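Colleague: Have a look at the structure that comes next, please.
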Amino acid sequence: MILIATKKSFFSISLYLYPYFCKLKFHVKIMKIFRIAALSCLLVLSLNSCKKEQETDWKVEIKNPAEKVEVTDISKEFYDVNIPLDQFKAKFPWFQGTVSDADFAKNRTNPDEVKIYKEAISKIDQTKLQKELQDLFSHIKYYFPEFKTPKVYLFSSTLQMIQDPIFFDDKTNFLFIDVSGFMGNNNPNYKGLEGYFQKSMNPNNIVPKVSRIFAEQVVPFSPDHQKFIDLLVYNGKIMLLQEAFLPETPDYLKMDYDKKQYDWSVANEANIYNYFVENNLIFGDDHRLVDRFINPGPFSKFYTEIDNESSPMVGVYIGWQICKEYLKKNPETKLVDFLKMDATEVFNKAGYKPKLEE
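So the sequence shown is residues 136 to 493, counted in the working numbering.
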């Protein structure tokens, strides 16, 4: 739970959008299985076998780029009192939600909200963001030819939605980015928010987070599979797609790591895996493993003296390496088939055994 204290601005933009996003998230959960089926069909038609060199280098020639990305700053228009409110409401009819007209109008001049928005938007190079999103969507379209570029909306929730700052609604094909969630690590506005969470709240984290949202839509996940290996491989598949979607982006950003955390996981890869094996965790079904090694946190929980020095989410990193090893040893496997493969089969055929340093 966010511990950020705010003044009485509960009719902030986050509340305008909140009902919409609640409905959106429920819709996303229900529709995910159908998206998987549809996009998998597209993959069958569009993807050739994964070549060995592709596993280590996902750079491709984009001959058919995605449609031009349109980025609209909703909050810029909302806080511009020179724009008649009726005109704004006509342009964004879903933005007001259940907020009364009086409160909606009043908060356009709320100094606290305006201040946060102006600082947040000043941190973002919108020209660069548009270019990076264009590149991301073009790579997604390379693998999924029927992909349609979403309409991108920037907005400020005035810190109310910063722990989940990006939303995609597949029904409308709208992508929402809360700029107040990317004001930079150690920003004074984030006082009270866990430091580990702030590491991925920088402007350069926006596009990697967007790539993960689209990757999650095409990786099948069964809630019935609760073994640790299922979670390792599931996250590994998502990371592989992020590699394909963002071949020029540093890997640590895709992991929501900082560079130091990524380097720690790389240096300790064999030790981490050896710990999993020696403690019989690979095929374990203890639900606490999710919190210990998959979920974000200040560090991973080995229950040893190295915990405070370790990087979080090491299970995601190991799952990624398992998937990479599988494709390296099985270059004839089509990506669409790989994404549907059972986690245990991927693990067994990968023969993943990182060597411990002597």
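C-beta atoms are modelled at their ideal positions from N, C-alpha and C, and glycine is treated no differently. Quantities reported herein were computed from a predicted structural model and do not represent experimental measurements.
#1: Could you pull the DSSP bridge partners for Q288 from this structure?
#2: I'd like the list of long-range same chain contacts for K263, defined as Cβ closer than 6 Å, with 5 residues on each side in sequence excluded.
#3: Where do the ends of the alpha helix (DSSP H) carrying D236 lie?
#4: In the DSSP output, which residue or residues are listed as bridge partners for D304?
#5: Please identify the residue among E413, P433, Q361 and K344 whose C-alpha is closest to the C-alpha of V388.
#6: For the 8 Å Cβ check, are there 3 or more pairs between the segment 286–303 and the segment 206–222?
#7: Helix or strand or just coil, what does DSSP make of K198?
#8: Using the Cα positions of K436 and I429, report the straight-line distance between them to the nearest angstrom.
#9: Going straight from the alpha carbon of K276 to that of Y369, what length do you get?
#10: Roughly how many whole angstroms lie between the Cα atoms of G330 and F411?
#11: Taking DSSP as the reference, what is the three-state secondary structure of K469?
#12: Run the CB neighbour count on Q352, radius 10 Å, all protein chains shown included, and call it buried at 16 or more, exposed below.
#13: Quick check on DSSP: helix, strand or coil for M374?
#14: For Q222, does the three-state DSSP call read helix, strand or coil?
#15: In chain order, what residues of the same chain lie with their CB nearer than 6 Å to the CB of S335, ignoring the 5 residues before and after it?
#16: Spatial neighbours of A172 within its chain, please: CB distance less than 8 Å, with the 5 preceding and 5 following residues excluded, ordered by chain position.
#17: Check whether the segment 446–455 touches the segment 370–381, taking contact to mean three or more Cβ pairs, one atom from each stretch, closer than 8 Å.
#18: I'd like to check one pair, L310 with S346: are the Cβ atoms closer than 7 Å?
#19: From K395 to K226, what distance separates their C-alpha atoms?
#20: Please classify D299 as buried or exposed, where buried requires at least 16 neighbouring CB atoms within 10 angstroms.
#21: Alpha helix (DSSP H) containing E351: first to last residue?
#22: How is the alpha helix (DSSP H) around Q231 delimited, first residue to last?
#23: Ordered along the chain, which non-local residues of its own chain (more than five positions away) have a Cβ less than 8 Å from that of K186?
#24: Of the residues K463, V249, D398 and E492, which one's Cα is nearest the Cα of F482?
#25: Determine the DSSP secondary structure at W193, reduced to helix, strand or coil.
#26: Going by C-alpha distance, which of G316, E480, T384 and D420 is nearest L268?
#27: Which one of A485, K484, V401 and T307 has the shortest CA to CA distance from P447?
#28: With a Cβ-Cβ cutoff of 7 Å, do K475 and P323 count as a contact?
Modeller: In short, the structure shows the following:
#1: It is worth fixing the name first, because residue 288 is Tyr in this sequence and not Gln. Answer is T207 and F311, bridged to Y288.
#2: So the list is empty, once near-sequence residues are dropped.
#3: Start and end: D236 to K241.
#4: For D304, which the question treats as bridged, DSSP gives the partners F309.
#5: For clarity, residue 388 is Leu in the given sequence; the question names Val instead. When the alpha-carbon of L388 is set against those of E413, P433, Q361 and K344, the nearest one is in K344.
#6: Touching, yes, given that three or more Cβ pairs across the two stretches are closer than 8 Å.
#7: The three-state secondary structure of K198, taken from DSSP, is coil.
#8: Rounded to whole angstroms, the gap between the alpha carbons of K436 and I429 is 10 Å.
#9: CA-CA distance, K276 to Y369, rounds to 22 Å.
#10: For G330 and F411, the distance between alpha carbons rounds to 27 Å.
#11: K469 sits in a strand when the DSSP states are folded into three classes.
#12: Classification for Q352: buried.
#13: In the three-state DSSP reduction, M374 falls in the helix class (H, G or I).
#14: Assigned with DSSP and collapsed to three states, Q222 falls in helix.
#15: Excluding residues within five positions, the ones whose Cβ falls inside 6 Å are D391.
#16: For A172, the predicted model reports a pLDDT of 40, less than 50, meaning its position is unreliable; a value from the coordinates is still stated below. Excluding sequence neighbours, A172 sits near nothing in its chain.
#17: Note that the segment 446–455 touches the segment 370–381; at least 3 beta-carbon pairs, one per stretch, sit closer than 8 Å.
#18: Not a contact, by the Cβ cut-off of 7 Å.
#19: Computed Cα separation, rounded: 44 Å.
#20: With fewer than 16 other Cβ atoms within 10 Å, it is exposed.
#21: Judged by DSSP secondary structure, E351 falls within the alpha helix (DSSP H) whose first and last residues are I341 to E351.
#22: Premise fails: Q231 is in no alpha helix (DSSP H) and is neither H nor E.
#23: Model confidence at K186 stands at a pLDDT of 39, short of 50, so the residue's coordinates are unreliable; what they give is reported in the following sentence. Excluding residues within five positions, the ones whose Cβ falls inside 8 Å are P466.
#24: Nearest option by C-alpha distance: K463.
#25: Here W193 sits in coil by DSSP.
#26: That would be T384, whose Cα lies nearest to the Cα of L268.
#27: Relative to the Cα of P447, the nearest Cα in the group A485, K484, V401 and T307 belongs to V401.
#28: Contact flag unset, no.
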